[in-house]
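Accompanying notes for the structure given below.
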Amino acid sequence: GENVEQHPSTLSVQEGDSAVIKCTYSDSASNYFPWYKQELGKRPQLIIDIRSNVGEKKDQRIAVTLNKTAKHFSLHITETQPEDSAVYFCAARAMDTGRRALTFGSGTRLQVQP
Amino acid sequence: DVKVTQSSRYLVKRTGEKVFLECVQDMDHENMFWYRQDPGLGLRLIYFSYDVKMKEKGDIPEGYSVSREKKERFSLILESASTNQTSMYLCASTLPGSHAPEAFFGQGTRLTVV
């Protein structure tokens, strides 16, 4: 089955700096890669996703890049703010065949220091 | 807005008890999932269901069962609770297919088995 690895497990940055979180996946059939943000005591919520037919997607201060050949994808947050502090999860899924469920990475705790 | 609601936010149960965790969604989603969240391990899939009375095992089904008698409700059952089942449990739902793959999560149930 799919295996998703996520690094780093913790990340501390100064406000205004950029943050990068990286994930690798094992199943070449995976073609959907979402990122979820979980604030303390709250439910995970989708912040951005990318499908395998594109290499990059941006939404204001966040962007995701995908390298299908290397089977890795990354989340980039620019101009970080204290409210970006949360746990971030990457995930992967093959939408068209097989498993219907997302496989998640182990999470990255991002701390933005004011 | 999609609403996924879990019946309890916090539960404390004794070892050996039978425990029911309930999840209800109001968006007519076919797919429903139960994940377990532990620090450093991310979200691990316990069971999922893609239709009423249909279920499939996830990655860590041992010690758990599920029930889906109605489309909107998906129950997770701990047949005989053990201390190693102390965890945060998250329910999620999605539409089938690839046009709207976002998973919507419930608020989580923090279960403590003593």
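Respectively, the protein sequence lines represent chains A and B. Residue numbers 1 to 114, in our numbering, belong to the letters of the first sequence in order. Residue numbers 1001 to 1114, in our numbering, belong to the letters of the second sequence in order. Note that the Cβ used here is the ideal one computed from N, Cα and C, for glycine as well. It should be emphasised that the depicted structure is a prediction, and the values quoted were computed from it without experimental measurement.
Between the CA atoms of residue j and residue i - distance to the nearest angstrom
i: TYR25/A; j: ASN67/A; result: 11 Å
i: PHE1104/B; j: TYR1047/B; result: 16 Å
i: THR1094/B; j: THR1086/B; result: 26 Å
i: ILE47/A; j: LYS58/A; result: 11 Å
i: VAL13/A; j: ALA70/A; result: 27 Å
i: THR108/A; j: LYS1055/B; result: 30 Å
i: GLU1069/B; j: VAL1004/B; result: 17 Å
Short Cβ contact (8 Å threshold) for residue i with residue j
i: PHE1033/B; j: ALA1092/B; result: yes
i: THR1083/B; j: THR1015/B; result: yes
i: LYS37/A; j: ALA86/A; result: yes
i: SER74/A; j: GLY1042/B; result: no
i: SER1049/B; j: PHE1074/B; result: yes
i: LEU1111/B; j: LYS1018/B; result: no
i: TYR1010/B; j: LEU1090/B; result: no
i: ASP27/A; j: ALA91/A; result: no
i: GLU79/A; j: GLY16/A; result: yes
Nearest to residue i (by Cα), restricted to the options the options
i: HIS7/A; options: GLY1040/B, VAL1012/B, GLY1058/B, LEU1011/B; result: GLY1040/B
i: VAL4/A; options: GLY41/A, SER18/A, PRO34/A, ARG43/A; result: PRO34/A
i: LEU110/A; options: ARG93/A, HIS76/A, ASP96/A; result: HIS76/A
i: ILE50/A; options: PRO1061/B, GLU1102/B, VAL1114/B; result: GLU1102/B
i: GLN1107/B; options: MET1027/B, MET1088/B, TYR1064/B; result: MET1088/B
i: SER30/A; options: VAL20/A, VAL112/A, ASN53/A, THR80/A; result: ASN53/A
i: ASP1038/B; options: ASP1051/B, ILE1060/B, GLN1025/B; result: ILE1060/B
i: PHE104/A; options: SER18/A, LYS22/A, GLY16/A, ASP17/A; result: LYS22/A
i: PHE89/A; options: ASP17/A, GLU79/A, VAL64/A, THR80/A; result: VAL64/A
i: GLU1022/B; options: LYS1071/B, GLY1058/B, VAL1114/B, PRO1096/B; result: LYS1071/B
- Query: What are the start and end residues of each continuous beta strand (DSSP E) run of 3 or more residues lying completely inside the stretch 67-96 of chain A, in chain order?
  - Reply: 72-77, 86-92
- In chain order, each beta strand (DSSP E) run of at least 3 residues that lies wholly inside the stretch 35-63 of chain A: 45-51, 56-59
- Under 9 Å (Cβ pairs) to chain B, residues found in the stretch 15-38 of chain A: ASN31, TYR32, PRO34, TYR36, GLN38
- Compile a chain-ordered list of the residues in the stretch 92-106 of chain A whose CB is closer than 8 Å to at least one CB of chain B. ARG93, MET95, ASP96, ARG100, ALA101, LEU102, THR103, PHE104, GLY105, SER106
- Near-chain B residues of the stretch 38-52 of chain A (beta-carbon distance less than 9 Å), N- to C-terminal order: GLN38, GLY41, LYS42, ARG43, PRO44, GLN45, LEU46, ASP49, ARG51
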